[in-house]
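Everything below concerns the one structure shown next.
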Amino acid sequence: MNWLLTAVLCVILVELVIRLPFVAATAGIRRSGGRALHVVRAAGISDHWKEKAMAAYARATFLSSMKLAGLLIAVLAVAYLMVLAFEQGLPGFQDFILGWLGLVFSALFASAYAALRWRVLRGRV
């Protein structure tokens, strides 16, 4: 039963991650970093304006990082609450999923599910 509950947990968490705006948060970090690097390397920009631009890019990077952290905390909170709920119904589930066997199974199953889901939605099965 632990295996089945772990698979259900993985499916729910993969679907949650797909639906949350992780791509937008990471794109914001990447975009700010790229722009900051461009400003630092630019010879035609004075140090005064570089300082002003870097402060703005640092703020944008920080805000995107906080969005990403919030999304990760939300996913981890859902996972934690689900593990606690499953533990109530099946004592020993928490020990299983936090053990090596449960961690390896959940990583492999979640990866396989995400890849299969991607292929099915793209019509490549």
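As numbered in the working numbering, residues -17 to 107 make up the sequence shown, in order. Glycine included, C-beta positions come from ideal geometry on N, C-alpha and C.
Between H30 and R101, the alpha-carbon positions lie close to 50 Å from each other. Around the CB of S28, fewer than 16 other CB atoms lie within 10 Å, so the residue is classed as exposed. Scanning L98, L50 and F68 for the CA closest to the CA of A9 turns up L50. For the 8 Å CB-CB criterion, S46 and A7 form a contact.
With respect to A35, V21 sits close: the two C-beta atoms are nearer than 8 Å. Counting C-beta atoms within 10 angstroms of its own C-beta, S88 has 16 or more neighbours from the protein chains shown and is therefore classed as buried. With a cutoff of 8 Å on beta-carbon distance, I79 and V65 are scored as near each other. The C-alpha of R1 lies about 19 Å from the C-alpha of F91. Secondary structure at S47: helix, using DSSP grouped into helix, strand and coil. Measuring C-alpha to C-alpha distances from V5 to each of G71, L53 and A96 identifies L53 as the nearest.
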